[in-house]
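Chemist: Sharing a structure, written as structure tokens. Questions coming.
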Amino acid sequence: MRAVIVSREETERVRQKLLFEGALDKTRRLVKKSGLIEIPVKESFAAEDLTLVEQEEPHFYIPKKTHGDYLDIPDSERKFLPAGWQILGDIIIISLHERLENRKAEIGKALLSFYPGCRTVLLDRGISGQMRQPEREVIAGGSTETIHMENGCSFKIDAMKIMYSKGNLAERKRMSKLGEGETVVDMFAGIGYFSIPMAVHSKPRKIFAIEINPVASGYLKENIKLNRVEDVVEPVTGDCAVATPHGIADRVIMGYLDAHEYLEHGIRALSPGGIIHYHEAVPEAIERRPVERIFAEAGKQGRDAKIINMRRIKKYSPGVWHVVVDARIAARSP
Ligand SMILES: C[S@@+](CC[C@H](N)C(=O)[O-])C[C@H]1O[C@@H](n2cnc3c(N)ncnc32)[C@H](O)[C@@H]1O
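Each position in the sequence shown, counted from 1, maps to that position plus 17 in the working numbering.
Structural data, given as structure tokens:
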């Protein structure tokens, strides 16, 4: 179990910050350790500016109960119980082993007793299609619309219809620190995963947030109002292959795993010296592919590309990584 380690003086400031961000694990106590303080955080928490440790002796407020304690099922099935789930606002999203399919209602009910602050449990059967739509089923509770708080931003979302990637948290945070005073184009905006935190925390001059799925775009428009960034984010409902403006962007975000089909539009959108954040799902064996694609497309457009950074965001599937490449695209030197 993870904790952030800080000096005594820093404890309260950092604890408040983690609480505000929804990252504090409230089931565990702060622990004094060799003159420092361990502040417990949720497993999904990631931060570049804080030291994270694996706690050797976590101190729980109450004996650590699991949702399994609320279930009367035989041990032969108990071992298939999921160890983790996603909490989006007040909605729990869980995947289940097929052996437990017939117990889904019980498990849903048990989770709601375990998380009294939650209203609905959704069974997730995967995400597919161009619009990355989840296939989900309500197994406890009712309404599936919620507001998820993250990094000081509010995201209204219908968890039945729209994905929200837990694994992209650190990348959303990283993007929130970029773009000050810039013109940005977010080509696969969704409900504003990147555009909203960037607008809230970095105040770009303008963000064109393009989204093809009218349902997601509807939530994007609501989230722009909810976070009071109407003066920065301009929502565009449509296909980024058509709607992406040419030659005006200081920064382009291509947060979609099949973005290679749109790379020409991403690069064409950039003004000389602009930066592209290009995402791809790539097998480990050919992890250079996204970089090669950027060089090839820039070359086709008579422009030079300089790779600033390439990072792994999360494991996408066995042997395949979700990566992002940051590249600066200059006009070709004469
Ligand atoms: C995976 S989601 C975005 C995830 C987000 N980057 C994150 O980090 O969580 C990709 C979004 O791109 C949208 N999309 C797919 N093809 C598109 C296109 N041609 N033009 C605009 N949006 C598109 C999908 O509807 C979906 O909402």
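The beta carbon of each residue, even a glycine, is placed where N, CA and C say it ideally should be.
Could you tell me the alpha carbon to alpha carbon distance between Asn230 and Tyr78, rounded to whole angstroms?
Modeler: Computed Cα separation, rounded: 44 angstroms.
Chemist: Could you check how far apart the C-beta atoms of Gly336 and Pro307 are, in whole angstroms? I think they sit under 8 angstroms.
Modeler: That pair is no contact at about 16 angstroms.
Chemist: With a threshold of 7 angstroms on Cβ separation, who are the neighbours of Val342 within its own chain once the five nearest residues in sequence on each side are excluded?
Modeler: Taking C-beta separations shorter than 7 angstroms and ignoring five residues to either side along the sequence, the partners of Val342 in its chain run Tyr295, Pro307, Val308, Ile311, Ile324, Met327, following chain order.
Chemist: Could you check if Thr68 is buried or exposed, using at least 16 other CB atoms within 10 Å of its CB as the buried criterion?
Modeler: exposed
Chemist: Just list the residues that DSSP pairs Ile265 with in beta bridges.
Modeler: Under the DSSP definition of a beta bridge, Ile265 lacks any partner.
Chemist: Check whether the region 196-203 touches the region 219-239, counting contact only when three or more Cβ pairs, one atom from each stretch, lie closer than 8 angstroms.
Modeler: yes
Chemist: Could you tell me the alpha carbon to alpha carbon distance between Thr163 and Asn240, rounded to whole angstroms?
Modeler: 12 angstroms
Chemist: Taking only the alpha-carbon atoms, compute the straight-line gap between Lys183 and Ser51 and give it to the nearest angstrom.
Modeler: Cα atoms of Lys183 and Ser51: separation of roughly 33 angstroms, rounded to the nearest angstrom.
Chemist: Going by DSSP, name the residue or residues bridged to Ala347.
Modeler: In the DSSP assignment, Ala347 forms a beta bridge with Asp321.
Chemist: Tell me the DSSP secondary structure of Ser145 in three-state form.
Modeler: strand
Chemist: Please confirm whether any heavy atom of ligand 1 lies closer than 7 angstroms to the CB of Ser61.
Modeler: no
Chemist: Give a yes or no on contact between the region 206-214 and the region 185-196, applying the rule of three or more CB pairs nearer than 8 angstroms.
Modeler: yes
Chemist: Within this structure, are the beta carbons of Val356 and Ala276 separated by less than 8 angstroms?
Modeler: No statement about residue 356 is possible, as the shown extent of the chain runs from 18 to 351 and does not include it.
Chemist: State the Cα-Cα distance for the pair Ala286 and Gly316, rounded to the nearest angstrom.
Modeler: 15 angstroms
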